[in-house]
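> The structure that follows is given in the form of structure tokens.
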Amino acid sequence: MANFEGDSGSLKYAGNAVGELLSWSISGLSVGVIEDSAKGDANRTYKGGRADGGVITARCQLDYGDTNGQKAWADSVVAGTGAAVTCQLLTATGKYLQVTAIPTGLDMESPEGESITQGTFTGKVTGLPAWTWA
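Going by the UniProt record's numbering, the residue at position 29 of the sequence shown is 29; the numbering climbs one at a time, nothing skipped.
What follows is the structure in structure tokens.
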């Protein structure tokens with residue numbers, strides 16, 4: 001079984017690498033559950049419902065000069081357009097999860113002292129992720 005180091009990871013936003021990336025995550029992938037029990041059944045029964053692609057998050061050292069990555073994501077949030085964009089969450093060369101996401105948030109923090117300002121970008125996945133594992 002292969003393992004991957006975090007330093008090998010990257011994130012692409014609309015085909016462009018996001019600069020100054022510290023980490024990325026995807027969370028909340030789930031499948032709804034629908035009860036399909038009927039009168040007279042001795043036990044409750046269920047079936048799978050709709051899937052939810054979850055939410056992606058990218059934590060970066062804030063760099064608005066990253067025009068095709070961080071700036072594009074931030075501008076989309078500020079404009080409130082809700083336009084979906086393709087993102088790739090890479091673990092290593094040729095190994096990534098591709099999602100279509102709507103940029104939904106940007107949190108910024110100016111820390112104390114000599115630390116670098118960080119930004120956290122979020123997006124709601126629409127549809128389901130697709131693996132590419134070459």
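Where is the CB? At the ideal position from N, CA and C, for every residue including glycine.
On a predicted model such as this, the values are computed, not experimentally measured, just so you know.
Using the C-alpha atoms, what's the distance from E109 back to Y46?
Position 46 of the sequence shown, counted from the start, is the residue given in the question as residue 46. Position 109 of the sequence shown, counted from the start, is the residue given in the question as residue 109. Taking the straight line joining both Cα atoms gives about 44 Å.
> Relative to the alpha-carbon of T91, which residue among E20, W24 and L29 has its alpha-carbon at the smallest distance?
By one-based count along the sequence shown, residue 91 stands at place 91. Nearest of E20, W24 and L29 to T91, Cα basis: W24.
> Are there 16 or more other CB atoms within 10 angstroms of the CB of K39, so buried, or fewer, so exposed?
As a first step, residue 39 must be located in the sequence shown, where it is residue number 39. By the 10 Å Cβ count, K39 comes out exposed.
> Which two residues bound the contiguous beta strand (DSSP E) that contains S30?
Looking up residue 30 in the sequence shown gives position 30. Segment S30 to E35, the beta strand (DSSP E) holding S30.
> Under DSSP, the beta strand (DSSP E) around L41 begins and ends at which residues?
Within the sequence shown, numbered from 1, the residue matching residue 41 stands at position 41. With the sequence shown as reference, residue 41 is identified as Asp, and Leu is not the correct amino acid for it. Here D41 belongs to no beta strand (DSSP E), and DSSP marks it neither H nor E.
> Cβ atoms of V77 and T104: under 8 Å apart, would you say?
Within the sequence shown, the letter at position 104 stands for residue 104. Within the sequence shown, the letter at position 77 stands for residue 77. Yes, these two residues count as a Cβ contact at 8 Å.
> Taking the alpha carbon of L97 as the point to measure from, which residue in G54, G32 and G48 has its own alpha carbon closest?
As a working mapping, residue 97 is identified with position 97 in the sequence shown. The residue with the shortest Cα to Cα distance from L97 is G54.
> On the three-state DSSP scale, how would you describe A101?
Locating residue 101 in the sequence shown gives position 101, counting from the first residue. Strand.
> For G49, write down the residues that DSSP places opposite it in a beta bridge.
Counting from 1 along the sequence shown, the entry for residue 49 is found at position 49. DSSP lists no partner for G49.
> Measure the alpha-carbon distance for G123 versus A42 and round it to whole angstroms.
Here residue 123 corresponds to residue number 123 of the sequence shown, with the count starting at 1. Here residue 42 corresponds to residue number 42 of the sequence shown, with the count starting at 1. The straight-line gap from Cα to Cα measures roughly 43 Å.
> Spatial neighbours of S10 within its chain, please: C-beta separation below 7 Å, excluding the five flanking residues on both sides.
Reading the sequence shown from its first residue, position 10 is the one you call residue 10. Once the five neighbours on either side are set aside, the close Cβ partners of S10 are A17, L21 and L90.
> Skipping 5 residues on each side, what residues in its chain have a beta carbon closer than 6 Å to that of L29?
In the sequence shown, residue 29 corresponds to position 29, counting from 1. So the qualifying residues of the chain are G54.
> For C87, tell me which candidate among E5, D7, G127 and E35 has the shortest Cα-Cα distance.
Along the sequence shown, one-based indexing puts residue 87 at 87. The residue with the shortest Cα to Cα distance from C87 is G127.
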